[in-house]
Amino acid sequence: MKIQENISLKAYNTFGIDVNASFFAEVRSKDDILEALKFAKTKKVPILILGGGSNVLFTEELYALVLKINITGIKEIKSDDKTVLIEVGSGVIWHEFVLYSLEKGLSGIENLSLIPGTVGAAPMQNIGAYGVEIKAVFQSLEAIEISTGLTKTFLASEVKFGYRESVFKTSLKGKYIIYKVSFNLSKVHAPNISYGDIQTVLDQMDQATATAKNISKAIISIRQSKLPDPKVIGNAGSFFKNPVIPVDVFDNLKLKFPTLPGYPNATHVKVPAAWLIENAGWKGKQVGEVGVHKRQPLVLVNYGNGKGEEILALSRQIQTEVHAKFGISLEREVNVVNSKNLIQV
Ligand SMILES: Cc1cc2nc3c(=O)[nH]c(=O)nc-3n(C[C@H](O)[C@H](O)[C@H](O)COP(=O)(O)OP(=O)(O)OC[C@H]3O[C@@H](n4cnc5c(N)ncnc54)[C@H](O)[C@@H]3O)c2cc1C
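The opening position of the sequence shown corresponds to residue 1 in UniProt numbering, with each subsequent residue numbered one higher.
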């Protein structure tokens, strides 16, 4: 494993923010991780774990060792009539794993097609789209404890999945490096097409049969029409989570804002953050080199040479104005990375 010095992270984050890291190593195995941790301990330098960089916002130059996770490999472990257990290296690109599952005739993750990033980061925020979250297919993961170098297996119950949440974003934040994730995929296809425009797009594509492959194609087409491609315009997908508010709060708001959409569960209502941002007047606004996307207001963008601090300042202004108008606090989905929240080893 090679440790490089003074490396620009511009190519390693989908916002395209140009900050430097003092040290940078691509880790391809568990041993590489242990070696990198030893280096960081000896040099007394904090670390940053980086997958595809599609859910991070760098706001400062980083005196840190960046561990770019590049652990590959997809392996079938066991199979019965209905399911296949598959073990995947944490550096595998998520969408490549989705394509692998479709080629093998398996289903369970087709609705999660085209989500950027790596397999290892997927459990961090329980990635989700079009009515499916990875918790539905997650079996277990293996991770290295940063303070001891010991390996631990986490079962689903220990990961404590929630909406864009897991234990790795709360009580175990910054404590583990995930190097392998196992999933249970299904040989029996149970299509989930109730969400959004999937059926409409299947019809338009003349592919009304909801096979896993067709659902994947439909979702890819919807995502490409709605979301900006980070290769063209820097972004990290949804910048905020959709707020979940009590039913009585929603009902009161609805009296004042009759067009406010809401998706109820037993006790709460999920409100689209995009609607709140648009109705606070931010859709399509540009501030210098950064702004709010013109079609999808939940996505903040870097038009080229924007700085992480500028995107963060914009996000705070949006939070303030949404709160002033609707009394709702928007919570960030994207992980802000600065010198204060690096992992000390
Ligand atoms: C255009 C676009 C669309 C998106 N759409 C969606 C969507 O539909 N649904 C959704 O849920 N998300 C979406 N996202 C967000 C993003 O794709 C996911 O959060 C993804 O899982 C991030 O993966 P990554 O490898 O890029 O993680 P990174 O951004 O590199 O890291 C994210 C966090 O996880 C930590 N981390 C990464 N790898 C590991 C590891 N192996 N061990 C321990 N910690 C680790 C990092 O330190 C960081 O805190 C979108 C992003 C973009 C740019």
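Here a beta-carbon is modelled for each residue, glycine too, at the ideal position from N, C-alpha and C.
Going by C-alpha distance, which of the options is nearest residue i?
i	options	result
residue 62	49, 73 and 69	49
residue 277	325, 264, 252 and 304	325
residue 119	86, 291 and 149	86
residue 226	116, 295 and 309	295
residue 68	33, 161 and 281	33
residue 42	58, 56, 65 and 57	65
residue 307	288, 284, 327 and 316	288
residue 95	74, 80, 252 and 266	74
residue 98	282, 251, 331 and 215	215
residue 333	136, 127 and 284	127
residue 91	264, 84 and 116	116
residue 124	309, 205, 180 and 76	180
residue 327	162, 284, 291 and 250	250
residue 187	156, 206, 155 and 137	137
residue 335	157, 52 and 23	52
residue 258	275, 267, 242 and 36	275
At the level of alpha carbons, what is the spacing between residue i and residue j?
i	j	result
residue 21	residue 44	15 Å
residue 244	residue 279	18 Å
residue 344	residue 254	46 Å
residue 159	residue 5	34 Å
residue 256	residue 271	15 Å
residue 121	residue 71	12 Å
residue 318	residue 260	18 Å
residue 273	residue 238	9 Å
residue 213	residue 222	14 Å
residue 147	residue 202	49 Å
residue 3	residue 17	21 Å
residue 131	residue 217	16 Å
residue 351	residue 78	The structure shown does not extend to residue 351, since the chain is modelled only from 1 to 345, so the question has no answer here.
residue 269	residue 14	31 Å
residue 185	residue 103	13 Å
residue 311	residue 56	12 Å
residue 106	residue 281	43 Å
residue 219	residue 200	11 Å
residue 248	residue 321	22 Å
residue 297	residue 58	21 Å
residue 134	residue 163	11 Å
residue 285	residue 189	43 Å
residue 46	residue 204	51 Å
residue 293	residue 81	46 Å
residue 228	residue 246	32 Å
Assign residue i to one of three DSSP states: helix, strand, or coil.
i	result
residue 207	coil
residue 225	helix
residue 6	strand
residue 110	helix
residue 179	strand
residue 308	helix
residue 23	strand
residue 263	strand
residue 137	coil
residue 287	strand
residue 314	helix
residue 277	helix
residue 219	helix
residue 255	helix
residue 343	strand
residue 323	helix
residue 119	coil
Distance cutoff 7 Å, beta carbons only. Does residue i sit that close to anything in chain D?
i	result
residue 235	Annotation note: the requested chain D is absent from the structure, which comprises a single protein chain.
Check your understanding: Can at least three beta-carbon pairs, one atom from the stretch 188 to 208 and one from the stretch 143 to 162, be found at a separation below 8 Å?
Key -> no
Exercise for review: For the stretch 203 to 217 and the stretch 13 to 29, state whether three or more C-beta atom pairs, one from each stretch, are separated by less than 8 Å.
Suggested key: no
Point to revise | At least three beta-carbon pairs within less than 8 Å, the stretch 302 to 317 to the stretch 226 to 238 | key: yes
Review point. Three or more beta-carbon pairs under 8 Å between the stretch 96 to 110 and the stretch 161 to 174, yes or no?
Key: no
Check your understanding: So does the stretch 169 to 186 actually touch the stretch 129 to 141, counting three or more Cβ pairs closer than 8 Å?
Key -> yes
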